[in-house]
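Quick note on numbering that gives the first Met the number 0: the sequence shown kicks off at 0 and runs consecutively. Every residue, glycine too, gets a C-beta built ideally from N, C-alpha and C. Here the structure comes first, spelled out in structure tokens, and everything after it is commentary.
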Amino acid sequence: MSRITDPITIPVDILQHIAKDNAAVRLELAVWFYTEFALSSGKAAAFAGISRVAFFQELAQRGIAIAYDESDARHDVEAMEQFNKTFPHQLS
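Here you go:
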């Protein structure tokens, strides 16, 4: 894997040409990273500056399938279990 040493800068004239604000450009890049480079949905959503649920909704609007495997499910279950330990609910 190559090392990235310099951030990528998008010239202003290109941004003006595509006529999208920074949030829209970040969302487009996040979707591209997700679909083309298998970036996780969490990292893609964070890059776009939106919640994971909002990112999933964006993918659905674009007709892009959500990559969700057994590992993702285990991670979500572990996160929910930790949440329940941290914030236990009381049954009445």
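>> Taking its Cβ as the centre, do 16 or more other Cβ atoms sit within 10 Å of Tyr-33, making it buried, or is it exposed?
In response: buried
> Which first and last residues belong to the alpha helix (DSSP H) in which Thr-34 is found?
Replying inline: 21-36
> Would the beta-carbon of Ala-22 fall within 8 Å of that of Gly-48?
Replying inline: yes
> Within the chosen definition, does the region 49-58 reach the region 24-32 through at least 3 CB pairs nearer than 8 Å?
Replying inline: yes
>> Buried or exposed for Ala-43, going by 16 or more other Cβ atoms inside 10 Å?
In response: buried
> What residue does the alpha helix (DSSP H) around Phe-82 start on, and which one ends it?
Replying inline: 69-85
> Could you give the distance in angstroms between the alpha-carbon of Ala-64 and the alpha-carbon of Val-76?
Replying inline: 21 Å
>> If I follow the unbroken alpha helix (DSSP H) through Arg-2, where does it start and stop?
In response: Here Arg-2 belongs to no alpha helix (DSSP H), and DSSP marks it neither H nor E.
> First and last residue of the alpha helix (DSSP H) that includes Arg-51?
Replying inline: 51-60
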